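Under this note's numbering, the letters of the sequence shown match residues 5 to 353, in that order. For reference, the structure discussed in these notes is given below.
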Amino acid sequence: MKAAMVTPGDPSTAKVEQIKDPPEEDGAILVEGLLVGVCGTDVEIVEKGYGVPPPGHERMVLFHESLGRVLEAPEKSHLKAGDLVVGIVRRPDPVPCACCAAGEWDFCRNGQFTERGIKAHDGYGSERWRVDDRFAVPVPPALGDLGVLTEPASVVAKAWDQVERIGARACFAPEHVLVTGAGPIGLLAALMGRQRGLEVTVLDRVTDGVKPGLVRDLGADYHAGSVDELACRPDIVIECTGVGQLVFDVLTHTAPNAITCLTGISSGTRTLETAADAVNKALVLDNDVVVGSVNANRRHYDLAVDALSRADRDWLARLVTRRVPLAQWPEALKRGSDDVKVVVDLQAG
Numbered sequence: 005m006k007a008a009m010v011t012p013g014d015p016s017t018a019k020v021e022q023i024k025d026p027p028e029e030d031g032a033i034l035v036e037g038l039l040v041g042v043c044g045t046d047v048e049i050v051e052k053g054y055g056v057p058p059p060g061h062e063r064m065v066l067f068h069e070s071l072g073r074v075l076e077a078p079e080k081s082h083l084k085a086g087d088l089v090v091g092i093v094r095r096p097d098p099v100p101c102a103c104c105a106a107g108e109w110d111f112c113r114n115g116q117f118t119e120r121g122i123k124a125h126d127g128y129g130s131e132r133w134r135v136d137d138r139f140a141v142p143v144p145p146a147l148g149d150l151g152v153l154t155e156p157a158s159v160v161a162k163a164w165d166q167v168e169r170i171g172a173r174a175c176f177a178p179e180h181v182l183v184t185g186a187g188p189i190g191l192l193a194a195l196m197g198r199q200r201g202l203e204v205t206v207l208d209r210v211t212d213g214v215k216p217g218l219v220r221d222l223g224a225d226y227h228a229g230s231v232d233e234l235a236c237r238p239d240i241v242i243e244c245t246g247v248g249q250l251v252f253d254v255l256t257h258t259a260p261n262a263i264t265c266l267t268g269i270s271s272g273t274r275t276l277e278t279a280a281d282a283v284n285k286a287l288v289l290d291n292d293v294v295v296g297s298v299n300a301n302r303r304h305y306d307l308a309v310d311a312l313s314r315a316d317r318d319w320l321a322r323l324v325t326r327r328v329p330l331a332q333w334p335e336a337l338k339r340g341s342d343d344v345k346v347v348v349d350l351q352a353g
């Protein structure tokens with residue numbers, strides 16, 4: 005079968021290759037790969053060597069955002085042939101730690117987890133892949149190809165889950181949400197904020213293209229200025245850029261009792277000077293919370309599917325701005341000015 009292969013950190017090795025059929029130890033469910041989504045992590049793996057190939061290998065099958073159709077499934081599976089399915093990214097560590105044993109592998113304590121297409125486990129960028137029933141998430145037929153948005157939506161679903169759990173610590177009646185960044189994660193965060201009936205502002209740098217329209221069509225506000233120019237002090241912030249200066253700017257402009265959830269990671273090494281004492285004072289005196297959130301567990305994938313199923317299909321379809329055939333998959337890593345979510349078609353080429 006064909007697969008998108010790469011040696012992490014060496015873009016010249018990013019090619020389509022013929023590889024063996026997926027190993028049965030990956031799971032009893034055999035899946036025909038349909039689409040994979042492209043995100044910044046994939047670019048980091050190809051260009052900067054962020055990823056870790058499977059043990060004993062220099063190369064790996066790329067991509068962790070998946071959508072496939074079940075070809076074969078055991079009788080006791082919750083899936084059957086023909087079902088659409090998404091594969092979960094993270095696998096619990098083999099020990100396992102207390103969190104992995106409880107199904108909260110996104111909170112793994114010892115770092116021995118693996119991740120499909122990222123860490124020590126081949127990804128979903130192949131014509132066929134296997135998955136264990138525990139890590140296979142069904143996608144309603146009505147979502148169709150838009151099911152490829154499930155993995156990024158699961159990241160956002162977890163962020164909202166964390167915010168709401170923390171908010172339950174005391175009196176918390178949020179009204180205003182600030183989402184920083186209008187990429188796929190930011191737009192999905194805005195979607196889930198509007199689904200909760202909250203007032204949402206999305207902060208981004210671009211002033212034209214598709215993003216402002218996508219935000220406004222949600223009934224949210226789009227802001228291309230600075231944090232200082234915001235019309236409100238947000239009760240909730242979903243931070244999706246990983247830009248250090250922006251993170252600190254936001255922390256000094258939130259409402260009392262605010263919760264800021266960080267989902268973005270900066271790839272740079274830039275240092276910055278900040279008034280740490282002032283930030284500390286604001287956090288303490290206002291009972292503010294800052295929480296980091298990475299990856300997702302099964303519950304969050306299910307929440308993501310629910311959120312996508314309740315969203316306007318036409319709006320979701322506008323998030324997928326480019327579709328690249330497998331034969332040309334390295335082209336998908338090159339971001340265009342109007343790109344939101346780029347996907348690779350595993351059945352084309």
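For glycine and all other residues, C-beta sits at the position ideal for the given N, C-alpha and C. This one's a predicted model, so the numbers in the text were calculated from it and none came from an experiment.
Check: residue i C-beta below 7 Å from any heavy atom of the ligand COA
{"i": "A308", "result": "With respect to small molecules bound, the structure shown includes none, and the ligand COA cannot be examined in it."}
Same chain only: Cβ atoms within 7 Å of residue i, ignoring 5 sequence neighbours per side
{"i": "E69", "result": "V40, G41, C43, V152, E155 and P156"}
{"i": "G107", "result": "N301 and R302"}
{"i": "A224", "result": "A194, R198, V204, T205 and V206"}
Residue i versus residue j - alpha carbon distance
{"i": "E29", "j": "G91", "result": "15 Å"}
{"i": "L276", "j": "F252", "result": "Its pLDDT being 49, under 50, L276 is placed unreliably by the model, and nothing is read from it."}
{"i": "D46", "j": "L337", "result": "8 Å"}
{"i": "E51", "j": "P12", "result": "7 Å"}
{"i": "A77", "j": "P100", "result": "26 Å"}
{"i": "L75", "j": "F139", "result": "16 Å"}
{"i": "L234", "j": "H227", "result": "8 Å"}
{"i": "N114", "j": "A163", "result": "22 Å"}
{"i": "R326", "j": "D281", "result": "45 Å"}
{"i": "I23", "j": "L307", "result": "34 Å"}
{"i": "G127", "j": "P98", "result": "19 Å"}
{"i": "A32", "j": "S313", "result": "27 Å"}
{"i": "V347", "j": "A8", "result": "13 Å"}
{"i": "D342", "j": "V214", "result": "6 Å"}
For residue i, three-class secondary structure by DSSP
{"i": "D306", "result": "helix"}
{"i": "P78", "result": "coil"}
{"i": "M5", "result": "coil"}
{"i": "G349", "result": "Just to set this straight, residue 349 is Asp in the shown sequence, not Gly. Strand at D349."}
{"i": "E131", "result": "coil"}
{"i": "T154", "result": "helix"}
{"i": "I92", "result": "coil"}
{"i": "A102", "result": "helix"}
{"i": "I240", "result": "strand"}
{"i": "K162", "result": "helix"}
{"i": "L323", "result": "helix"}
{"i": "A259", "result": "coil"}
{"i": "G148", "result": "helix"}
{"i": "K24", "result": "coil"}
{"i": "A18", "result": "strand"}
{"i": "G171", "result": "helix"}
{"i": "D97", "result": "coil"}
{"i": "L3", "result": "Outside the shown range of the chain, which is 5 to 353, sits residue 3, and nothing can be said about it."}
{"i": "V56", "result": "strand"}
{"i": "L83", "result": "coil"}
With 16 other Cβ atoms within 10 Å as the buried cut-off, status of residue i
{"i": "A1", "result": "Residue 1 lies beyond the range of the chain shown here (5 to 353); nothing can be said about it."}
{"i": "N299", "result": "buried"}
{"i": "T205", "result": "buried"}
{"i": "S297", "result": "buried"}
{"i": "D87", "result": "buried"}
{"i": "V324", "result": "buried"}
{"i": "T258", "result": "buried"}
{"i": "H61", "result": "exposed"}
{"i": "V288", "result": "exposed"}
{"i": "S130", "result": "buried"}
{"i": "W319", "result": "exposed"}
Other residues of its chain near residue i: CB distance less than 8 Å, five sequence neighbours each side excluded
{"i": "A124", "result": "V56, P57, P58, P59 and T118"}
{"i": "I189", "result": "P156, V159, V160, C244, T267 and G268"}
{"i": "L83", "result": "I33, V74, A77, V89, D137, A140 and P142"}
Extent of the continuous beta strand (DSSP E) to which residue i belongs
{"i": "A140", "result": "A140 to V143"}
{"i": "R120", "result": "T118 to R120"}
{"i": "V219", "result": "Taken as a continuous stretch (DSSP letters only), V219 belongs to no beta strand (DSSP E), being part of the alpha helix (DSSP H) at V214 to R220."}
{"i": "G115", "result": "First-last for G115: undefined, no H or E at that position."}
{"i": "L39", "result": "I33 to G41"}
{"i": "H180", "result": "H180 to T184"}
{"i": "E2", "result": "This structure cannot speak to residue 2, because the chain is shown only from 5 to 353."}
{"i": "H68", "result": "That residue, H68, is in no beta strand (DSSP E); it is neither H nor E in DSSP."}
{"i": "V210", "result": "Taken as a continuous stretch (DSSP letters only), V210 belongs to no beta strand (DSSP E), as it is neither H nor E."}
{"i": "V298", "result": "Run containing V298: none; DSSP gives neither H nor E here."}
{"i": "A227", "result": "Sequence check: residue 227 is His here, not Ala. Run containing H227: D225 to H227, per the beta strand (DSSP E) assignment."}
Residue i: first and last residue of the uninterrupted alpha helix (DSSP H) it sits in
{"i": "V251", "result": "G248 to L255"}
{"i": "K52", "result": "G44 to K52"}
{"i": "L337", "result": "No alpha helix (DSSP H) holds L337; DSSP gives it neither H nor E."}
{"i": "P188", "result": "P188 to Q199"}
{"i": "D126", "result": "Looking at the DSSP string, D126 is not in any alpha helix (DSSP H), and its letter there is neither H nor E."}
Close-in-space but distant-in-sequence residues of the same chain around residue i (CB under 6 Å, 5 per side omitted)
{"i": "D137", "result": "S81"}
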